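Residue numbers (my numbering): 146 to 797.
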């Protein structure tokens with residue numbers, strides 16, 4: 146038991162007094178029934194600045210502001226405490242020096258054993274710092290609300306954990322057309338297209354944000370009026386202090402104009418690229434015409450000799466048959482390369498073997514530069530594959546070859562080199578935006594006139610050319626520069642007047658494993674023993690159709706023929722049995738692919754051989770490579786065609 150001076154025990158009242166006087170963070174004092182201060186602890190003196198001698202006997206209303214005193218707040222507080230048993234409030238109070246502090250106040254009535262009111266106990270705490278923090282937070286929240294509501298170029302709103310909209314800013318209303326009253330409480334998936342909703346895109350976005358903290362994407366979204374806009378979307382997960390998910394913040398921006406501008410830029414770029422390819426093809430026409438005339442001469446002369454010897458009864462025509470077939474094979478190779486180079490196709494990077502590409506393009510390069518220029522290739526053993534658009538690499542090589550030819554009007558040497566190279570951080574830093582790593586260096590060098598420094602400085606500028614009017618667009622090197630940069634590499638030109646020019650293409654190494662594409666199946670050179678069956682041949686070129694039909698009939702097949710898609714569909718709709726459909730892809734009107742699609746809907750197990758006069762890759766798609774389907778490029782040897790027919794009929 147606590148004791149006082151001399152070791153005598155303290156009374157309960159004395160212990161309570163010591164307790165109250167030891168409290169410094171709370172003002173604890175008593176009032177009589179009229180509000181006169183009757184006690185005063187050190188905490189009150191600390192808060193309010195008055196000593197006990199200065200304040201005991203004074204009315205407690207002096208601690209209130211003038212406005213509160215005029216409004217009768219002190220008296221009302223005592224009245225409420227006496228009637229309800231307690232009064233609790235917060236408000237401004239005044240210190241002795243006139244300064245204010247924000248106080249949390251509790252007033253309890255004190256009654257004797259008979260229930261008579263004998264005074265009040267008053268506890269006050271200075272919570273000014275808390276008040277200031279709350280006000281600062283409220284001001285911050287108010288400013289944030291004003292900020293969010295003031296943003297009109299972004300839709301900023303919140304979702305609950307299930308994806309329902311809980312608030313809506315003016316930018317969202319402007320962008321999507323819904324007022325807050327129309328959309329709060331609705332699920333945010335209503336902004337997505339039907340295709341995206343069916344694919345579960347909205348829910349996947351929320352799951353990703355919940356798992357990783359953030360989801361970011363672009364895609365089509367819907368306005369209230371049903372129109373679409375291209376949106377940049379960010380969804381952030383919102384969690385409380387305990388890490389519990391409480392909702393999502395969603396920010397959307399309409400970037401339709403940017404997307405349309407990008408698409409227009411891509412279309413322009415593709416058109417420029419196509420124009421460059423066609424310009425290169427134009428440069429080739431002289432050499433191509435020369436080669437084709439030679440091939441036609443060989444074929445025509447062989448056929449005339451064969452005809453003459455058949456009429457005169459002389460034998461020995463095998464050599465001329467071989468000569469004609471050899472010329473046809475050469476013409477086929479030349480045509481396919483020209484078609485593959487000049488066609489329009491989507492531009493996309495892929496694993497590309499430079500050695501195969503350069504070797505395959507060498508004939509075209511030699512024809513384009515002429516006999517006065519010697520072409521030499523020096524490709525290092527084990528040359529790394531690159532990650533680039535093969536079609537663009539071909540275009541770049543041919544364009545550089547033509548530039549080199551023009552720089553060597555009296556002949557010279559064109560050298561194409563390929564080596565592996567690793568760029569360290571220091572070497573990569575010399576070219577803005579280039580990353581350290583493995584590259585394949587493809588160099589095209591000539592022994593021509595070279596470029597003076599002022600021309601070299603402008604070599605990559607679009608439309609800059611030193612060629613006479615009508616002999617160049619000035620887009621070649623700028624296209625090569627853009628292609629190299631887009632591929633993650635870069636290009637450099639070294640040139641010395643009178644000693645030639647070297648263009649170095651640094652293209653990133655491909656680390657993708659080699660994959661074999663879905664190519665037409667190889668067929669034997671010699672036909673097998675034919676298998677009886679019924680074949681429908683659809684070909685709009687009469688002579689080609691005649692040759693195919695006669696060859697099939699000679700081998701014992703039953704043959705039906707049609708000159709166009711309409712006639713073919715009439716036969717396919719008849720009850721006649723058909724084992725194999727042979728059709729040209731490029732039929733007038735109803736295409737061969739459409740004929741095959743209809744045929745498969747009527748006869749699901751029907752086998753199909755497609756013929757095309759275009760480059761295989763230009764027409765190859767999922768339909769053409771479906772099961773029990775083959776694709777052959779014209780011209781094809783009759784023996785190869787028959788072997789393919791037999792192989793398919795034998796496959797069951």
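For each residue, glycine too, the CB sits at the ideal point set by N, CA and C.
Computed from a predicted structure; not experimentally measured.
**Request:** Kindly say whether residue 629, judged by its beta-carbon, lies nearer than 8 Å to any beta-carbon of chain B.
**Result:** Among the chains of the structure shown, chain B does not appear; only one protein chain is present.
**Asked** Are the region 349-358 and the region 313-321 in contact at 8 Å, needing three or more beta carbon pairs?
**Response** no
**Straight-line gap, residue 757 to residue 542 (C-alpha atoms, nearest Å)** = 27 Å
**Message:** What does the alpha-carbon distance come out to for the pair residue 722 and residue 679?
**Reply:** 7 Å
**Asked** Counting only runs that start and end within the region 691-770, where is the beta strand (DSSP E) found for 3 or more residues in a row?
**Response** 703-707, 725-729 and 752-757
**Asked** Hey, quick one: how far does the alpha helix (DSSP H) through residue 385 stretch, first residue to last?
**Response** Careful: residue 385 lies outside any alpha helix (DSSP H) and carries neither H nor E.
**Item:** Terminal residues of the beta strand (DSSP E) in which residue 236 lies
**Value:** 232-239
**Request:** Indicate whether residue 655 and residue 566 have their beta-carbon atoms separated by less than 8 Å.
**Result:** no
**Rounded separation between residue 330 and residue 310 - CA only** = 5 Å
**Prompt:** Cα separation between residue 364 and residue 575?
**Reply:** Those two C-alpha atoms are separated by around 37 Å.
**Asked** Closest to residue 847 by CA distance: which of 572, 411, 335 and 642 is it?
**Response** In this structure the chain extends from 146 to 797, so residue 847 is not present and cannot be described.
**Request:** May I have the straight-line CA-CA distance separating residue 342 from residue 325, to the nearest angstrom?
**Result:** Looking at the two C-alpha atoms, the distance is approximately 22 Å.
**Message:** Quick check: the Cα distance between residue 652 and residue 513, rounded to an integer number of angstroms?
**Reply:** 24 Å
**Residues bridged to residue 561 [DSSP beta-bridge criterion]** = 522 and 589
**residue 505 in three-state terms, based on DSSP** = helix
**Message:** Quick check on the DSSP output: the beta strand (DSSP E) that includes residue 605 runs from which residue to which?
**Reply:** Per DSSP, residue 605 lies in no beta strand (DSSP E) and is assigned neither H nor E.
**Prompt:** Which runs of the beta strand (DSSP E) fall wholly inside the region 356-406 and span at least 3 residues, in chain order?
**Reply:** 359-367, 373-384 and 390-399
**Prompt:** According to DSSP, is residue 513 helix, strand or coil?
**Reply:** helix
**Prompt:** Contact check, residue 685 vs residue 733 under 8 Å by CB: the rounded distance?
**Reply:** 6 Å
**Asked** Who are the Cβ neighbours of residue 250 in its own chain at under 6 Å, not counting the five residues just before and after it?
**Response** In the same chain as residue 250, and ignoring 5 residues on each side of it, the C-beta atoms closer than 6 Å to its own belong to 234 and 269, in chain order.
**Asked** What distance in whole Å lies between the Cβ atoms of residue 549 and residue 589, which are believed to be in contact at a cut-off of 8 Å?
**Response** Confirmed, Cβ separation roughly 7 Å.
**Prompt:** Alpha carbon to alpha carbon, what distance is there between residue 778 and residue 476?
**Reply:** 13 Å
**residue 323 and residue 369 closer than 8 Å at C-beta** = yes
**Prompt:** Taking the alpha-carbon positions, what's the residue 683 to residue 449 distance?
**Reply:** 30 Å
**Prompt:** Tell me which same chain residues have a C-beta within less than 7 Å of the C-beta of residue 498, skipping the five on either side of it?
**Reply:** 530
**Asked** Does the beta-carbon of residue 710 have 16 or more other beta-carbons within 10 angstroms, so that it is buried, or is it exposed?
**Response** buried
**Asked** How would you label residue 544, buried or exposed, when you count the other beta carbons within 10 angstroms and need 16 or more for buried?
**Response** buried
**Asked** So what's residue 347 in DSSP terms, helix, strand or just coil?
**Response** Three-state result, residue 347: helix.
**Prompt:** Would you say the region 557-566 touches the region 626-640, given that touching needs at least three Cβ pairs under 8 Å?
**Reply:** no
**Asked** From which residue to which residue does the alpha helix (DSSP H) around residue 335 run?
**Response** Run containing residue 335: none; DSSP gives neither H nor E here.
**Message:** Which of the three DSSP states is assigned to residue 216 in this structure?
**Reply:** coil
**Request:** Could you tell me which residues DSSP pairs with residue 679 in its beta bridges?
**Result:** 703
**Asked** Which of the three DSSP states, helix, strand or coil, is assigned to residue 449?
**Response** helix
**Prompt:** Taking Cβ positions, are residue 382 and residue 399 nearer each other than 8 Å?
**Reply:** no
**Request:** Determine the DSSP secondary structure at residue 408, reduced to helix, strand or coil.
**Result:** Three-state DSSP puts residue 408 in a helix.
**Message:** Check for me: the alpha helix (DSSP H) holding residue 551 runs from which residue to which?
**Reply:** 535-552
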